[in-house]
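Asks: The following block contains the structure, expressed as structure tokens.
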Amino acid sequence: MKHLFLIASIVAACLTSVTQAGVIEDRKAKFRENVAILRAIQPQIGKGNFEAIAAGGRNIADWATKMPDFFPKGSESVGALDAIWLDFDDFRSKAVANKQAALKLEQAAGTRDAEQIMAAVQKLSVTCKSCHQSFKAN
């Protein structure tokens with residue numbers, strides 16, 4: 316019976332490790348996607364592709380809504396500071412601010428005005444930087 320419990324414990328630990336590794340890779344992929352979206356905005360303005368900019372804002376907002384779920388306890392990684400889990404309410408509020416700024420980018424894209432779009436990008440970038448300063452390891 317002791318051996319069965321030991322085996323079950325080892326299997327559970329391995330499954331948890333695999334699950335945590337998956338969530339870490341998933342969140343890193345989403346952050347890379349955000350960077351790609353933001354880098355593409357300037358060229359999209361030049362092409363007049365405001366729908367793509369709006370979709371990018373929507374994509375970032377959708378990710379911001381889900382972001383806290385991708386940081387469960389036990390998913391610590393090299394790039395994530397423990398402060399995330401020590402003050403998860405602050406982390407969650409920064410994700411909400413990011414979502415709101417991303418939705419403003421989506422709205423700005425609807426104006427088709429480059430200055431408004433770039434102002435929205437700047438505000439969105441501030442929310443990214445705020446979270447990075449508090450929660451991302453250098």
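Residue numbers (my numbering): 316 to 453. Glycine residues also receive a C-beta, built at the ideal position from the N, C-alpha and C atoms.
S449 and D405 - do their beta-carbons sit closer together than 8 Å?
Replies: Sequence index remark: in the sequence shown, residue 405 carries index 90 (1-based). Sequence index remark: in the sequence shown, residue 449 carries index 134 (1-based). In this structure, S449 lies closer than 8 Å to D405 by Cβ.
Asks: Looking at the structure shown, is K388 part of a helix, part of a strand, or coil, going by DSSP?
Replies: Position 73 of the sequence shown, counting from 1, holds the residue named residue 388. Here K388 sits in coil by DSSP.
Asks: Give the secondary structure of A395 by DSSP, where H, G and I count as helix, E and B as strand, and everything else as coil.
Replies: Taking the first residue of the sequence shown as 1, we reach residue 395 at position 80. DSSP places A395 in strand when its eight states are reduced to three.
Asks: I'd like to confirm the pairing. Which residues does DSSP put opposite K451 in its beta bridges?
Replies: Mapped onto the sequence shown, residue 451 falls at position 136. Its beta-bridge partners are A395.
Asks: Buried or exposed: which applies to F386, given that a residue is buried once 16 or more other Cβ atoms fall within 10 Å of its Cβ?
Replies: The residue you call residue 386 lines up with position 71 of the sequence shown. Burial call: buried.
Asks: On the DSSP letters alone, give me the boundaries of the alpha helix (DSSP H) that R427 sits inside.
Replies: Within the sequence shown, residue 427 is the residue found at index 112, counting from 1. Looking at the DSSP string, R427 is not in any alpha helix (DSSP H), and its letter there is neither H nor E.
Asks: Straight-line CA distance for Q422 to K409?
Replies: By one-based count along the sequence shown, residue 422 stands at place 107. By one-based count along the sequence shown, residue 409 stands at place 94. Q422 and K409: Cα-Cα distance of roughly 20 Å.
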